[in-house]
Every structure is written in structure tokens, then in C-alpha cells.
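Notes follow once the structure below has been shown.
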Amino acid sequence: MNAASARTIADALTAIVGPQACLTSAADTQLFATDYRRLYHGKAVAVVLPSTTEEVSRVMAWCYQHDVPVVPQGGNTSLMGGAVPDDTGKAVIISLSRMNKVLAADTINDTLTLQAGVTLSAARSAAEAAGRLFPLRIGSEGSCQIGGNLATNAGGTAVLRYGNMRDLVLGIEAVLPDGRVMSALRGLRKDNTGFDLKQLFVGSEGTLGIITAAVLKLMPLPRSSSVAFVAVESPEAAVKLLGEAKQAAGQSVSGFELISGPALELVLDYLGGMASPLAQRHDWMVLIELTSGGQQDALEQTMVQLLEAGLEAGLVLDAAVASSVADAQAFWRIREEISDAQTRTGGSIKCDVSVPLSRIAAFIGDATANVLQLEPRTRMVIYGHMGDGNVHFNPLRPKDQSAAEFLGAHYQAISTVVDGLAHAEGGSISAEHGIGVAKRDDLVHYKSSVELELMWQVKRALDPKNLLNPGKLLPAQHHAPSTGSGLHQASDLP
Ligand code: FAD
Ligand code: 2HG
Ligand code: ZN
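Position 456 (the sequence shown) corresponds to 751 in our numbering; numbering is contiguous.
Below is the structure:
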């Protein structure tokens, strides 16, 4: 079939979603075609903003029939270039932003049913309004959407207690590449009627279908909370303290985040006017959060006892316990703004790795030594979800070196060595951010050929023409289908 012209595409899609919801001018589409960190600059023939599942289905069916590639987009906060098209200008972006209705909060079944374009913060607010907690917590919550959270299997700072998106979903509705709707919008905690198809879409990064609605699990709202900002001797001491925290507080440990000295310095510079909760500079800190349904006093006492025991054991060097909600929010703000501080500074090499907790301290030590050997002035911005064995190991350019210079000289070598060490420790090169374009071609080194073959077989079964988010997640050199759009990836360094 001849490729449809831009005009034909615009007319056909406008007929489905209406003129206001089909954008075609470069001025309108450019924002959608550029990623959050401004590293990937693609082009789209059109951006459509459907408001119903039926519209998504009709758009997909038309694109499928006319061999038009489609890129699903939520809040466009992906750090891996996953939600933007390449620069050929052939793809249509389907933005879920207008599908932003919370459909039902069921406080007996403890479920929240919503359209996929609801932002995470709106979902959390809807849960709270119903007297419940939707526990996924990530720094981009004001922009990212539930569909994007599901498509990336998002993690964040509360996984330790509540699990990641895969653990928090009960039902999904998704539109397949050819326009068929898979409706599995069920709120069941038990359902053994065959393959758990909804989970196929979780973490599939928009390559298998467009998620249009979901049923999420709700949890009880915690009644008490205690947050501490704690200097520790080393990553090894942090791991030991985590073990002690779990023994002392069990399920109440809802956050355990590692922060390196350079990460804290960077974020305090960026925030301006915000001071460290601790009087002195330290190489390593952890942010600990305990939450429970019990009494505030009892929880605070548990925290204090944990920290005192840590001091005695030489694990803890200093600690500040939040004495108000505002304090706790300020501690969390420091942690959550690290990512944006790096984006703003530029020249950061993102390695979102996970290793077994028992190996994390050794990994950090080895990876740091290797990076500093390559460039001794590198700022070692290392932080993240230690409780899950997941660190954002993000070496940052020296202050007096430009981003282009640092990335040009070291991007490849540093990512290869860090990912390689994580892999050697039995870890993953993408703990929570996904693969997108940024890590796509690296997968061949870290996944077995049987796994890659199976991934391509699933992809071909659902998307035989390779039209949905082509060029993302699946390494092209490994069993790429001979049919397909032939799209190529953006060339910027991630
Ligand atoms: P997008 O960026 O729009 O898309 C991401 C991927 O999902 C793309 O492949 C896209 O095609 C696909 N997609 C989007 N919507 C749909 C849909 N409805 N159906 C099918 N496919 C879809 N991530 C974490 O896991 N933990 C964190 O702690 C975290 N913190 C962050 C902090 C900041 C400041 C930023 C900028 C990002 C952070 N992220 C984090 C990364 C990002 O926010 C998550 O990956 C998030 O889940 C993406 O959601 P989104 O709606 O923005 O998706
Ligand atoms: C976080 O935990 C996010 O803050 C972003 O996952 C991490 O920017 C990053 O590397
Ligand atoms: Zn993270």
C-alpha cells in the first residue's frame, strides 16, 4: 500500500476526533515530539487527542489499515526517549491527556477505576478523597499519567512497602494495534481463568497496545508517619540499617532512600535557599520513612530507637527527625528534586540499575572506582530506592566541563562499565525507567537470546506490522521483523 499523505492522515483522523483534537502544525506538534529532558527531537505527522476508547480504537484501526506508525504518549515524562517518535515525521502521536476521568472509587472493593490519562497526582487525590491511599509515589506525579505508569511499570519511593505498578493493578482496558479493544477492566484479586493478559501490557512501553483504562488497588490511608534524614557511615552501613529498620518496624518501613554527598550538594544548589537537614557535610545519607495505621507516638518512638541503636552500632553518624509535616515535606522535596537538578545541570549519565540488596554496597564501590578512574573529577550523583536494591547511579559532569564534552568523552564507557558491573552482580540495567530508545540496543548484551526471541514473538503476535511505538524497547538487530515501518531512532545521546 502507498504511504498515506500527511493531508489524508489529517483528514481521516480529524473526522474521528474532531478538528480541535487533531494537531498538525509543527508549532503544535513539536512539544509532543520532544522528550522531557530535551534530548530526543522527533517529528510527528499529527498529534491526536481522543477522549474515548472508541475514538482510540477507530484511530488505531485507520492507522493500521494505512500502515501509519503510532506512538502512544501519556505525560511525556519518560527518561528513556520512549514516548516520542523518531525524526522521519511519519508517525502519529496518540496523547491520552483528554482521557482524564476518574470513573469510580469503590471503598468496599478498595479499587479505583479510571481512564488512562488521569495524572498520578489526580489519582492519588481521588483515592484520598475516598479516604484511601493509592501508594505509587514518583517525582513526576503532577504530569505522568496512569497509562504511562502502567506502560513503564513505574516504581518510585514507596515500592518497598507497596510494590510497583505491576503489583497495584487489577484490571486493564487496552486498544490493540489493529483497533480491537481488549477489555479486562475487572477489579478481582483472584482470577485464574488463563493467561494474565493485562500484565502483558504492564512494562510493554506502548509497544503492544494503548492502555485506555485501569482498575487500581487502594490501600488504607496511614494515620501516622515519621521521617528522618540520616547520615550513615557508608552504603554498607545503609544496608545494615535497612535490615535493622525492617526488624524493628516491619511493614511500616515505607521509604528507604539513599543520597550521596554530591547528590545533596547538587539539589541544594538547585533549590537555592534550602538547607541540609544535617549540620555537617556527609558522604552518604538515607531518608527513612515509617508509616502505620497506629499511634503517632509509638511510631516516632520506633524511629528514635532505631536511630539510637544505629548510632551505638556505628552505622548512623547523625540524624534529623522531622518534627512537623512541613519538615517531612522538606526532607522529601530534597530527595525528589535530585532528578530535575540533574536535568537542569546537564551532562548526567543515567544508569537506573538494580542489584540484589546483598550486593548493592559492593556494586556502588566498584562502579564508583571505575568511573573515577575514567574521569576523577566526575560528581558521583548516586541516589535512589535502596530498599528495592535500585540505585540511580548517575555520574555527572565536572563543574568546569561542558555536558557535550563530558558525554562525548565518557557516555559510552561509563554506561558500559556501570551496566556491566550491575549485570555481573546479577542485576538489571533498567530497574524502573524502562528501555525506550536510550537502552534499546544495549539489551542484546543483558538478556538471553531466548528472552529476546520470545519478546519479539509476542510483539509480532500483537503487532505484526511493527506499527506501534516502533524502534522502542525491542533491539532491532535481534529478530526484527522484515515488515514494518523502517523507522530509525533519534541520534542524540541519552
Ligand atoms: P510517557 O513518558 O508519556 O510514556 C512512557 C512510555 O509509556 C512510552 O513508551 C509511551 O509510549 C508509553 N505510554 C504512555 N502512555 C501509554 C498508554 N496509555 N498506553 C500505552 N503506552 C503508553 N519513574 C519511576 O519509575 N520512578 C520514579 O521515581 C520516577 N521519578 C521521576 C522523576 C522525574 C522528575 C521524572 C521526569 C521522571 C521520573 N520517572 C520515574 C520516569 C517517568 O515519570 C515514569 O516512567 C512514568 O511512569 C511515565 O509516565 P508518563 O505518563 O509520563 O509516560
Ligand atoms: C527518582 O527516583 C527518579 O528520582 C528519577 O526515578 C531518577 O533522574 C533519575 O535518574
Ligand atoms: Zn527512581
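For glycine and all other residues, C-beta sits at the position ideal for the given N, C-alpha and C. Values in this document were obtained by computation on a predicted structure and should not be read as measured data.
Near residue i, which residues of its chain fall below 6 Å by C-beta distance, leaving aside the five closest residues on each side in sequence?
i: W627; result: none
i: A756; result: none
i: V366; result: P380, A386, I388 and N764
i: V666; result: T673, P690 and I709
i: E631; result: G434
i: A301; result: V340
Using a threshold of 8 Å, state whether the C-beta atoms of residue i and residue j are closer than that.
i: K485; j: I467; result: no
i: E500; j: I724; result: no
i: P557; j: A615; result: no
i: R562; j: I506; result: Residue identity differs from the one stated: residue 562 is Val in this sequence, not Arg. Result no, Cβ atoms of V562 and I506 do not sit closer than 8 Å.
i: L680; j: T447; result: Checking the sequence, you will find His at residue 680 rather than Leu. Not a contact, by the Cβ cut-off of 8 Å.
i: V648; j: A726; result: yes
i: A656; j: P530; result: yes
i: K742; j: L503; result: no
i: E436; j: L415; result: yes
i: G550; j: L455; result: yes
i: A617; j: V522; result: yes
i: V351; j: V470; result: yes
i: E552; j: L511; result: no
i: M675; j: S555; result: yes
i: V611; j: L536; result: yes
Counting C-beta neighbours from all protein chains within 10 Å, is the total for residue i 16 or more, i.e. buried, or is it exposed?
i: I629; result: buried
i: N487; result: exposed
i: T778; result: Its pLDDT being 39, under 50, T778 is placed unreliably by the model, and the measurement read from it follows with that caveat. Its Cβ having fewer than 16 others within 10 Å, T778 is exposed.
i: L559; result: buried
i: E584; result: buried
i: V413; result: buried
i: V343; result: buried
i: Q410; result: buried
i: A733; result: buried
i: K694; result: exposed
i: H740; result: exposed
i: P237; result: This structure leaves residue 237 out entirely; the chain is present only between 296 and 789.
i: P345; result: buried
i: R427; result: buried
i: Q784; result: Per-residue confidence for Q784 stands at a pLDDT of 34, beneath the threshold of 50, marking its modelled position as unreliable; the derived number appears in the next sentence. Flag for Q784 reads buried.
i: Q368; result: buried
i: R419; result: buried
i: F490; result: exposed
i: A664; result: exposed
i: S786; result: Note on S786: pLDDT 33, under 50, position unreliable in the model; the coordinate value appears next. Burial call: exposed.
i: T319; result: buried
Determine the extent of the beta strand (DSSP E) in which residue i is found, giving its start and end residues.
i: R461; result: No beta strand (DSSP E) holds R461; the alpha helix (DSSP H) holding it covers M460 to L463.
i: P690; result: N685 to L691
i: L407; result: T406 to Q410
i: F551; result: V548 to S555
i: E500; result: That residue, E500, is in no beta strand (DSSP E); it is neither H nor E in DSSP.
i: A615; result: V611 to V616
Would you please state the rounded distance, in angstroms, between the beta carbons of residue i and residue j? I believe it to be under 8 Å.
i: G482; j: G370; result: About 24 Å; that fails the 8 Å criterion.
i: V525; j: G682; result: Actually they do not touch by this definition, with Cβ atoms about 13 Å apart.
i: L374; j: Y331; result: 7 Å
i: A662; j: F701; result: 17 Å between Cβ atoms; not a contact.
i: M355; j: G474; result: 4 Å
i: C646; j: D714; result: 6 Å
Go to residue i, then tell me how far its alpha helix (DSSP H) extends in each direction, as first and last residue.
i: K512; result: No alpha helix (DSSP H) holds K512; the beta strand (DSSP E) holding it covers I505 to K512.
i: R674; result: Per DSSP, R674 belongs to no alpha helix (DSSP H); it is in the beta strand (DSSP E), R674 to G679.
i: V753; result: S744 to L757
i: M355; result: T348 to Q360
i: G660; result: I655 to L669
i: I304; result: A301 to V312
i: D381; result: From DSSP, D381 is part of no alpha helix (DSSP H); its letter is neither H nor E.
i: D790; result: What the structure shows of the chain is the stretch from 296 to 789, and residue 790 is not part of that stretch, so it cannot be assessed.
Give me, in chain order, the residues of the same chain whose beta-carbon lies closer than 8 Å to that of residue i; leave out the 5 immediate sequence neighbours on both sides.
i: L782; result: Residue confidence is low: L782 scores 34 on pLDDT, short of 50, so the model does not pin down where it sits. Its coordinate-derived value is still stated next. Closer than 8 Å at Cβ, skipping near neighbours: P364, P380, D381, T383, K385, A386, P765 and G766.
i: L762; result: C358, Y359, D362, V363, P364, V365, P472, G779 and S780
i: G589; result: R518 and S519
i: V279; result: The chain is shown only over 296 to 789; residue 279 falls outside these bounds and no answer can be derived.
i: A621; result: none
i: A775; result: Note on A775: pLDDT 49, under 50, position unreliable in the model; no value is reported.
i: A570; result: L563
i: C439; result: G369, G370, T372, T414, L415, I433 and A449
i: V712; result: A662, N665, V666 and L669
CB-CB under 7 Å to residue i, same chain, minus the five flanking residues each way: which ones, in chain order?
i: I304; result: V340, A341, V363 and V387
i: A604; result: E539
i: A636; result: L561, V562 and Y565
i: E595; result: S521
i: R576; result: G556
i: L669; result: H705, A708 and I709
Using a Cβ-Cβ distance cut-off of 8 Å, determine whether residue i contacts chain C.
i: L537; result: Going by chain labels, chain C is absent from the structure shown, which holds only one protein chain.
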